[in-house]
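For what it's worth, our numbering labels the leading residue of the sequence shown as 3, then goes sequentially. C-beta atoms are modelled at their ideal positions from N, C-alpha and C, and glycine is treated no differently. Data first, discussion second: the structure below is written as structure tokens.
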Amino acid sequence: MDNQTKALHTSFFHDDPYGSLSMPVYHTAAYQFPDAASMTEAFSGRSGEPDYSRTMNPTVTFFEDKVKALTGARSVTAFNSGMAAITNMFFATTAAGKNVVSSCHMFGNTYSLITHTLAKFGVESRIVNLLDLEQVRKAVNENTACVFLEIITNPQLEVADLKSIAEICHAKHVPLVADTTIIPFTEFDAKTLGVDVQVVSSTKYLSGGATSLGGLIIDYGNFPEFEKCVKTELLFNLGSYMTPHAAYMQTIGLETLHARYGVQSANALELAKRLQTLPQVKSVGYVGLEDNPFHSLAARQFGPTAGAMVTIDLESEEACFRFINRLKLIYRATNLFDNKSLAIHPYSTIFVNYSVEQKAAMDVLPTTIRLSIGLESVNDLWADIQQALGE
Ligand SMILES: *Cc1c(COP(=O)(O)O)cnc(C)c1O
């Protein structure tokens, strides 16, 4: 069955008494049992029945089952935000005295989590250039908890060679963890690229209409203790499981992901090409463009589409502010992969609390605008961009 069919056809764990076509929202904290023995079966995890919604809920399980069917993962766990999924992943892999090998090219909060928050718990961060395999090889040792990367970094749009990094990891029995938020997991096979665990902010493509926050840990089962830790320790002790209402909205989003992504990625490619023709635009960042340095690697790894995030560089920070202020159709907002197109100046917003030196080290430039391309007609978007860049 193709992914687009799988996204729509998922069986319920129990038949619904009313034959409901959409999974109901089980807005309950706890569950009643027929007898003491079935309580034991549920609490031990043997029956697969929920006992308390901090760790299991039928609406959330249904959402997790859909993602499992779409990825072929061994286990999927849903959280209340992308950051909660990433935090749980690090709690499952790291411990005091261990190190995390990663890059400074990544989502700002994840970078801060690794270099600042985890450091408070005695976890060392080893920040390397992931494009330089020798640096990665030197950084990974027997104390490495995981190598963590983003498949296309935000906002620098850097793409690392996953198979080569996975080889380095696996030679030392270290898991490779990839944040795959930027390209939907339905578009490529992360497992065959050597990824052991995917983390995803489902706030983005999955929810679609920016309806809710969510995060996923998608585990391929190569490190069996990992799943055990997430499911039997962290869900209980950290308490960041997805809520049923968010799972309901994200399930609806996931059902239409294929159709939405097709339009959004095609719009993004078309706009990226047109943006390259404008003299006011100094450069266009989009790995779907054939002259992008990461184009062939990205196509080999992630398939023919390149996502719906496009960056443009203008001549100055002032030109960026002017462009943002003049937009009439594209929203001035953060977030990615909403149905509606969004624009933001990352340097003065998402990275506002980083020093000028830190931003320079992270290659976050004052001249960059990040666009998230939505489902509008490409001609309407183009007209808005042109008028905002005009005289
Ligand atoms: C948004 C984002 C996150 C964080 O996800 P939230 O759902 O906002 O917590 C992590 N990684 C990437 C690449 C993101 O774009």
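Might you give, ordered along the chain, the residues of its own chain that have their beta carbon closer than 7 Å to the beta carbon of Asp-365, omitting 5 neighbours on each side? His-107, Gln-158
In DSSP terms, what Val-201 is bridged to: Asp-181, Ile-219
Between Ser-374 and Leu-338, which are expected to be in contact by the criterion C-beta below 8 Å, what is the C-beta distance as a whole number of angstroms? 5 Å
Compare the beta carbon distance of Gly-216 and Ser-83 with 8 Å and say whether it is the shorter of the two. yes
Can at least three beta-carbon pairs, one atom from the segment 257–273 and one from the segment 214–228, be found at a separation below 8 Å? no
Going by Cα to Cα distance, which pick from Tyr-222, Met-311, Ile-314 is closest to Thr-79? Tyr-222
Identify, in the order they occur along the chain, each residue of the same chain with its Cβ nearer than 7 Å to the Cβ of Leu-377, setting aside the five sequence neighbours on each side. Arg-262, Val-265, Gln-266, Asn-341
Ile-153 versus Thr-146, Ala-71, Ala-212, Ala-301, residue with shortest Cα-Cα distance: Ala-301
Following the continuous beta strand (DSSP E) through Ser-77, name the residue where it begins and the one where it ends. 77–81
For a minimum of 4 consecutive residues, which ranges assigned as the alpha helix (DSSP H) are wholly contained in the segment 26–89? 38–45, 60–73
Identify, in the order they occur along the chain, each residue of the same chain with its Cβ nearer than 7 Å to the Cβ of Asp-163, setting aside the five sequence neighbours on each side. Leu-299
Could you work out which residue in Glu-160, Ala-192, Ala-44, Asn-294 is closest to Leu-72 when comparing CA atoms only? Ala-192
Are there any heavy atoms of ligand 2 lying less than 7 Å away from the beta-carbon of Met-91, as far as the coordinates show? What this structure holds is ligand 1, not ligand 2.
Cut-off 6 Å between Cβ atoms - residues of its own chain near Gly-255, not counting five sequence neighbours on either side: Leu-208, Ser-209, Gly-210
Taking C-alpha atoms, which residue in Leu-331, Met-41, Ile-352 lies nearest to Ser-343? Leu-331
Would the C-beta of Met-1 count as close to ligand 1, meaning under 7 Å from any of its heavy atoms? Nothing about residue 1 can be reported from this structure: the residues present for the chain run from 3 to 393 only.
In the DSSP assignment, what are the bridge partners of Leu-373? Val-312, Ala-345
Can the beta-carbon of Ser-203 be found closer than 8 Å to that of Gln-252? no
Mind the definition here: the segment 37–46 touches the segment 180–190 only if three or more C-beta pairs lie below 8 Å; say whether that holds. no
For Leu-151 and Thr-245, I'd like the C-alpha separation in whole angstroms. 27 Å
In DSSP terms, what Asn-101 is bridged to: Glu-126, Thr-146
Close Cβ partners of Thr-63 (< 8 Å) along its chain, the five nearest in sequence each way excluded: Phe-15, Pro-52
Give me the Cβ distance between Ala-147 and Lys-70, rounded to the nearest whole Å; I'm assuming they're in contact under 8 Å. Not a contact, Cβ separation roughly 25 Å.
Give me the Cβ distance between Glu-319 and Pro-368, rounded to the nearest whole Å; I'm assuming they're in contact under 8 Å. 4 Å
C-beta contact flag for Val-218 and Ala-9 at 8 Å: In the sequence as presented, Val is not what sits at residue 218; that position holds Leu. In this structure, Ala-9 does not lie closer than 8 Å to Leu-218 by Cβ.
In whole angstroms, what separates the C-alpha of Leu-178 from that of Ser-13? 31 Å
With H, G and I counted as helix, E and B as strand and the rest as coil, what does DSSP make of Tyr-333? strand
Is it the case that the Cβ atoms of Leu-329 and Ala-390 are separated by a distance below 8 Å? yes
So, for Thr-61: in the same chain, excluding its five sequence neighbours on each side, which residues have a beta-carbon less than 6 Å away from its beta-carbon? Met-25, Val-27, Tyr-28, Pro-246, Ala-249, Tyr-250
Considering only residues of the same chain and omitting the five flanking positions on each side of Cys-231, which have a CB-CB separation below 7 Å? Ala-94
Opening and closing residue of the alpha helix (DSSP H) in which Gly-110 lies: 110–114
With Gly-264 as the anchor, note down where its beta strand (DSSP E) starts and where it stops. That residue, Gly-264, is in no beta strand (DSSP E); its alpha helix (DSSP H) goes 259–277.
Simplified DSSP state of Val-286, which is helix, strand or coil: strand
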